[in-house]
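A.B. asks: Chains as they are written, first to last, in the UniProt record's numbering: chain G, 1 to 204; chain A, 1 to 204.
Sharing a structure here in structure tokens format.
Protein chains: 2
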Amino acid sequence: MSETVDAPAERSESHPRSSARQRIVEAATELFSTRGYAATTTRDIADRVGIKQPSLYSHFAVKADILIEVELQTFRPTVERFEALHADKALTAGDRLGQLVEFDVRMLCTGSWNVALLGYLPEVRREGLAAGMAAHSHELFLVYRTLVGEALTENGRTETDLGTLTEVVFSLVEGIILRRVHDPHLDADRLAPAVRDAVLAVVR
Amino acid sequence: MSETVDAPAERSESHPRSSARQRIVEAATELFSTRGYAATTTRDIADRVGIKQPSLYSHFAVKADILIEVELQTFRPTVERFEALHADKALTAGDRLGQLVEFDVRMLCTGSWNVALLGYLPEVRREGLAAGMAAHSHELFLVYRTLVGEALTENGRTETDLGTLTEVVFSLVEGIILRRVHDPHLDADRLAPAVRDAVLAVVR
DNA sequence: GTCTATACCAGGATAGAC
DNA sequence: GTCTATCCTGGTATAGAC
Numbered sequence: 001m002s003e004t005v006d007a008p009a010e011r012s013e014s015h016p017r018s019s020a021r022q023r024i025v026e027a028a029t030e031l032f033s034t035r036g037y038a039a040t041t042t043r044d045i046a047d048r049v050g051i052k053q054p055s056l057y058s059h060f061a062v063k064a065d066i067l068i069e070v071e072l073q074t075f076r077p078t079v080e081r082f083e084a085l086h087a088d089k090a091l092t093a094g095d096r097l098g099q100l101v102e103f104d105v106r107m108l109c110t111g112s113w114n115v116a117l118l119g120y121l122p123e124v125r126r127e128g129l130a131a132g133m134a135a136h137s138h139e140l141f142l143v144y145r146t147l148v149g150e151a152l153t154e155n156g157r158t159e160t161d162l163g164t165l166t167e168v169v170f171s172l173v174e175g176i177i178l179r180r181v182h183d184p185h186l187d188a189d190r191l192a193p194a195v196r197d198a199v200l201a202v203v204r
Numbered sequence: 001m002s003e004t005v006d007a008p009a010e011r012s013e014s015h016p017r018s019s020a021r022q023r024i025v026e027a028a029t030e031l032f033s034t035r036g037y038a039a040t041t042t043r044d045i046a047d048r049v050g051i052k053q054p055s056l057y058s059h060f061a062v063k064a065d066i067l068i069e070v071e072l073q074t075f076r077p078t079v080e081r082f083e084a085l086h087a088d089k090a091l092t093a094g095d096r097l098g099q100l101v102e103f104d105v106r107m108l109c110t111g112s113w114n115v116a117l118l119g120y121l122p123e124v125r126r127e128g129l130a131a132g133m134a135a136h137s138h139e140l141f142l143v144y145r146t147l148v149g150e151a152l153t154e155n156g157r158t159e160t161d162l163g164t165l166t167e168v169v170f171s172l173v174e175g176i177i178l179r180r181v182h183d184p185h186l187d188a189d190r191l192a193p194a195v196r197d198a199v200l201a202v203v204r
């Protein structure tokens with residue numbers, strides 16, 4: 001019936017010597033991603049880490065702060081990478097767009113859990129907890145728009161509605177998040193080039 | 001901070017003479033879509049309908065049954081429409097694929113709420129409540145695969161990995177669900193043709 | 001910084017009168 | 001079929017000992 005199964009209540013995967021705070025964040029990353037934020041209890045997290053529920057509050061003031069930290073650790077590295085790819089002027093716009101798409105799809109496919117879905121959960125957005133992710137997503141959208149625009153120019157297409165086409169490209173990439181809900185073990189080596197080719201076909 | 005704002009506690013939009021059961025379903029459709037299933041309380045639903053919380057249990061045995069009914073009412077009509085579009089042999093495969101995509105995107109853009117997101121909520125899937133939506137989604141995927149396959153043949157592309165390309169096309173269409181989270185008022189007249197053209201470019 | 005004990009409250013569901 | 005009253009569970013967070 002349900003596609004997911006309760007994992008045995010064992011320790012988090014991080015090295016037992018990593019700080020308790022870090023083990024909390026890693027357990028929460030998994031649980032929030034697989035159960036949702038509202039449906040994950042602080043007891044679930046504590047059990048997974050191997051401590052008692054009130055001990056969480058030695059590290060985080062409220063449950064929401066754990067989610068904030070999950071967001072920070074998840075998206076901080078990728079933003080920097082995007083900037084670098086975006087700025088490499090040695091490549092054509094098409095190549096840069098293609099590389100960005102491939103990188104993006106790989107990130108969405110290969111993390112341990114489908115963390116990107118978190119930013120789209122209603123309860124996360126409603127409680128204003130998706131601010132970090134929303135900022136990341138918006139920044140990424142702007143990068144895509146720039147590259148799509150340059151690629152269109154490169155291909156001699158000046159008539160096209162840039163905003164709409166960027167939305168389509170973005171939709172194509174982020175749609176992978178929803179595919180991964182159906183199949184948690186997407187094959188990045190198969191999908192990343194396929195999505196890249198699709199995006200390049202769309203701007204051609 | 002938060003993008004969404006609490007609506008005033010007023011009556012459901014359906015005609016006051018429609019059955020209480022139906023008003024419950026409509027209120028729940030909105031609330032589940034905008035707050036998530038776990039984060040919506042039975043009191044929220046009752047308030048919106050204008051009855052007391054225990055009165056819900058004259059119509060539904062448990063909260064989950066309300067969600068099941070929401071799913072049924074949402075997806076029953078669309079499945080039939082898909083079948084019809086799929087079967088119209090008077091058109092080329094490309095045209096049928098294009099029409100299906102346009103119809104699908106319009107459905108995703110124009111319903112009162114972003115109900116399609118419901119089927120991707122972790123708490124809904126974990127509790128086995130997404131069975132109806134999953135079946136609908138799988139059926140739709142098979143339709144897409146058939147049409148993509150026929151369109152590829154039509155265009156003389158026999159080398160392509162059909163499964164992967166169908167995933168890409170599906171990702172492109174369903175990605176609209178995530179776009180709508182960012183912007184609840186997508187312009188269907190602008191996006192539907194754009195996504196259709198993108199899909200046709202991908203299979204060309 | 002982790003524990004036990006517990007306060008506090010919210011949410012799902014039931015009982016029984018009308 | 002709706003109401004009031006209420007039960008019961010479970011979840012967040014705090015107090016205070018070690």
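By construction, the Cβ of each residue, glycine as well, lies at the ideal position given by its N, Cα and C atoms.
Looking at the structure shown, is A:Thr41 part of a helix, part of a strand, or coil, going by DSSP?
C.D. replies: Mapped onto the second sequence, residue 41 of chain A falls at position 41. Looking at A:Thr41 - three-state DSSP - the assignment turns out to be coil, as it is neither helix nor strand.
A.B. asks: Give the C-beta separation of A:Val25 and A:Ile51 to the nearest angstrom, bearing in mind that I take them to be a contact with Cβ-Cβ under 8 Å.
C.D. replies: Taking the first residue of the second sequence as 1, we reach residue 25 of chain A at position 25. Taking the first residue of the second sequence as 1, we reach residue 51 of chain A at position 51. A:Val25 to A:Ile51, Cβ: 13 Å. No contact.
A.B. asks: To the nearest angstrom, how far is it from the Cα of A:Asp44 to the Cα of A:Pro54?
C.D. replies: Translated into positions along the second sequence, residue 44 of chain A becomes position 44. Translated into positions along the second sequence, residue 54 of chain A becomes position 54. For A:Asp44 and A:Pro54, the distance between alpha carbons rounds to 12 Å.
A.B. asks: Note down, in chain order, each residue of its chain lying with its Cβ closer than 7 Å to the Cβ of G:Leu72, except the 5 sequence neighbours on either side.
C.D. replies: Reading the first sequence from its first residue, position 72 is the one you call residue 72 of chain G. Cβ within range, chain order: Gly132.
A.B. asks: Can you tell me which of G:Gly36, G:Ser19, G:Phe82 and G:Glu150 puts its alpha carbon nearest to the alpha carbon of G:Glu139?
C.D. replies: Counting from 1 along the first sequence, the entry for residue 139 of chain G is found at position 139. Checked all of G:Gly36, G:Ser19, G:Phe82 and G:Glu150; the closest Cα to G:Glu139 is G:Phe82.
A.B. asks: Mind checking G:Pro77: buried by the 16 CB within 10 Å criterion, or exposed?
C.D. replies: Looking up residue 77 of chain G in the first sequence gives position 77. G:Pro77 is exposed by the Cβ-count criterion.
A.B. asks: Counting C-beta neighbours from all protein chains within 10 Å, is the total for A:Asp161 16 or more, i.e. buried, or is it exposed?
C.D. replies: Taking the second sequence and counting its residues from 1, the one referred to as residue 161 of chain A is at position 161. Flag for A:Asp161 reads exposed.
A.B. asks: Using a Cβ-Cβ cutoff of less than 6 Å, which residues in the same chain neighbour G:Ala192 once the five nearest sequence positions on both sides are dropped?
C.D. replies: The sequence position of residue 192 of chain G within the first sequence is 192, counting from 1. Excluding residues within five positions, the ones whose Cβ falls inside 6 Å are Glu102, Val105 and Arg106.
A.B. asks: In the DSSP assignment, find the alpha helix (DSSP H) that holds G:Tyr144 and state where it starts and stops.
C.D. replies: The count along the first sequence starts at 1 and reaches residue 144 of chain G at position 144. Where G:Tyr144 is concerned, the enclosing alpha helix (DSSP H) stretches over Ala131 to Glu154.
A.B. asks: Once the 5 residues before and after G:Ser33 are set aside, which same chain residues still bring their CB inside 7 Å of it?
C.D. replies: As a working mapping, residue 33 of chain G is identified with position 33 in the first sequence. Taken in chain order, the residues that qualify are Trp113, Asn114, Val115, Leu117 and Leu118.
A.B. asks: Residues in the same chain with beta-carbon distance under 6 Å from G:Thr110, minus the five sequence neighbours each way, listed in chain order, please.
C.D. replies: By one-based count along the first sequence, residue 110 of chain G stands at place 110. Same-chain partners within the cutoff: Ala188.
A.B. asks: If I follow the unbroken alpha helix (DSSP H) through G:Lys63, where does it start and stop?
C.D. replies: Within the first sequence, residue 63 of chain G is the residue found at index 63, counting from 1. From DSSP, the alpha helix (DSSP H) with G:Lys63 extends over Lys63 to Ala87.
A.B. asks: Determine the DSSP secondary structure at A:Asp183, reduced to helix, strand or coil.
C.D. replies: Translated into the one-based positions of the second sequence, residue 183 of chain A becomes position 183. In the structure shown, A:Asp183 sits in coil (DSSP, three-state: anything other than H, G, I, E or B).
A.B. asks: Sorted by chain position, which residues of the same chain lie with C-beta nearer than 6 Å to G:Leu97's C-beta, five sequence neighbours on each side aside?
C.D. replies: The residue labelled residue 97 of chain G in the question sits at position 97 within the first sequence. Around G:Leu97: Leu147 and Ala151.
A.B. asks: Taking G:Asp197 as part of the alpha helix (DSSP H), name the residues at either end of that continuous run.
C.D. replies: As a first step, residue 197 of chain G is located in the first sequence; it is residue number 197 there, counting from the start. Run containing G:Asp197: Ala188 to Val203, per the alpha helix (DSSP H) assignment.
A.B. asks: Would a check of beta-carbon distances place G:Val195 closer than 8 Å to chain A?
C.D. replies: Within the first sequence, residue 195 of chain G is the residue found at index 195, counting from 1. Output row for G:Val195: interface = yes.
A.B. asks: What did DSSP end up calling A:Leu56 once you bin it into helix, strand or coil?
C.D. replies: For this step, residue 56 of chain A is matched to residue 56 along the second sequence. In this structure, A:Leu56 counts as helix in the three-state DSSP scheme.
A.B. asks: Roughly how many angstroms separate the alpha carbons of A:Asp95 and A:Asp183, rounded to a whole number?
C.D. replies: Here residue 95 of chain A refers to the residue found at position 95 when the second sequence is read from its first residue. Here residue 183 of chain A refers to the residue found at position 183 when the second sequence is read from its first residue. So the alpha carbons of these two residues sit roughly 29 Å apart.
A.B. asks: Kindly indicate if chain G contains any beta-carbon less than 8 Å away from that of A:Glu10.
C.D. replies: Counting from one through the second sequence, the residue named residue 10 of chain A turns up at place 10. Confidence is the limiting factor: at A:Glu10 the pLDDT is only 45, short of 50, which leaves the residue's position unreliable, though a coordinate-based value still follows. Not an interface residue.
A.B. asks: Taking 8 Å as the limit between beta carbons, can you name the residues of its chain near A:Leu31, skipping five residues before and five after?
C.D. replies: Taking the second sequence and counting its residues from 1, the one referred to as residue 31 of chain A is at position 31. Same-chain partners within the cutoff: Thr40, Asp44, Ile45 and Arg48.
A.B. asks: How is A:Ser171 classed by DSSP in three states: helix, strand or coil?
C.D. replies: As a working mapping, residue 171 of chain A is identified with position 171 in the second sequence. If DSSP states are grouped into helix, strand and coil, A:Ser171 belongs with the helices.
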